[in-house]
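With positions in the sequence shown counted from 1, the corresponding number in my numbering is that position plus 1. From the three backbone atoms N, C-alpha and C, an ideal C-beta is built for every residue, glycine too. None of these values were measured; they are calculated from a predicted model. To start, the structure under review is shown below, and the notes come after it.
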Amino acid sequence: MTRHDRHACCAAYRALPGLHAAEHDIVAAGKTLTVRYAVEATHQGNLLGLTCTGRRVHWGAVDACHLADRMIGEEWPPGNMAAVLHQVGAYTPPWLAT
2 MTRHDRHACC
12 AAYRALPGLH
22 AAEHDIVAAG
32 KTLTVRYAVE
42 ATHQGNLLGL
52 TCTGRRVHWG
62 AVDACHLADR
72 MIGEEWPPGN
82 MAAVLHQVGA
92 YTPPWLAT
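Next comes the structure, spelled out in structure tokens:
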């Protein structure tokens with residue numbers, strides 16, 4: 002994780018305190034681990050310049066990791082910020098526009 006990635010993650014956690022992730026499936030094959038999970042949080046702080054809305058947001062994700070020496074050596078997390086931005090009223094994906 003780069004310094005920029007760490008900064009972005011910290012900012013997101015500050016904006017979405019109480020973030021909770023629940024794992025639904027965990028699949029291991031060789032040295033690859035895949036986790037399907039659902040995330041929930043409440044928008045309570047500055048998120049990419051958006052002031053607090055107090056809205057509850059949720060999204061699903063699938064995360065893949067490469068294991069090395071029984072530890073996560075590499076991680077390929079998904080990005081689903083569009084779902085969060087839509088739920089706080091800051092963005093409407095073209096396929097949902099009326």
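Secondary structure of residue i, DSSP reduced to three states
{"i": "cysteine 53", "result": "coil"}
{"i": "tyrosine 14", "result": "helix"}
{"i": "alanine 22", "result": "strand"}
{"i": "histidine 87", "result": "helix"}
Candidates the options, of which the one nearest residue i by Cα
{"i": "proline 78", "options": "Val36, Val28, His21, Pro95", "result": "Val36"}
{"i": "leucine 49", "options": "Ala65, Trp96, Gly31, Ala12", "result": "Ala12"}
{"i": "histidine 87", "options": "Cys66, Leu51, Ala29", "result": "Leu51"}
{"i": "histidine 25", "options": "Trp96, Pro94, Tyr38", "result": "Tyr38"}
Beta-carbon gap between residue i and residue j smaller than 9 Å
{"i": "valine 63", "j": "leucine 17", "result": "no"}
{"i": "asparagine 47", "j": "arginine 15", "result": "yes"}
{"i": "cysteine 66", "j": "leucine 34", "result": "yes"}
Whole-angstrom C-beta distance between residue j and residue i, which should lie under 8 Å
{"i": "leucine 20", "j": "valine 40", "result": "6 Å"}
{"i": "tryptophan 60", "j": "alanine 84", "result": "4 Å"}
{"i": "threonine 54", "j": "glycine 90", "result": "6 Å"}
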